[in-house]
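Chemist: First, the structure itself, so that you have it in front of you.
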Amino acid sequence: MVIRYPQNRGKGCALRTGVLRARGRLVLVSDADLSPPIEEWGY
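If you want the numbering used here, it's the position in the sequence shown, counting the first as 1, plus 155.
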């Protein structure tokens, strides 16, 4: 899913929009820098 806004609304808005539009049972939010591989999260 790609959600685009005409203007940059910031990271907080991006996270909130993504969580509100998510369709799964779980929502995982992780920064890309220095994060462990997704397989290590245990889901």
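Built from N, CA and C at the ideal position, the CB exists for glycine as well. In this text the structure is predicted, and so the values were computed from the model without any measurement.
Terminal residues of the continuous alpha helix (DSSP H) containing residue 171?
Modeler: 166-176
Chemist: Quick one: Cα of residue 160 to Cα of residue 186, how far?
Modeler: 21 Å
Chemist: Excluding the 5 residues flanking residue 184 on each side, which residues of the same chain have their C-beta closer than 7 Å to its C-beta?
Modeler: Counting only Cβ-Cβ distances below 7 Å, and skipping sequence neighbours, we find 170.
Chemist: What's the C-alpha gap between residue 196 and residue 162?
Modeler: 33 Å
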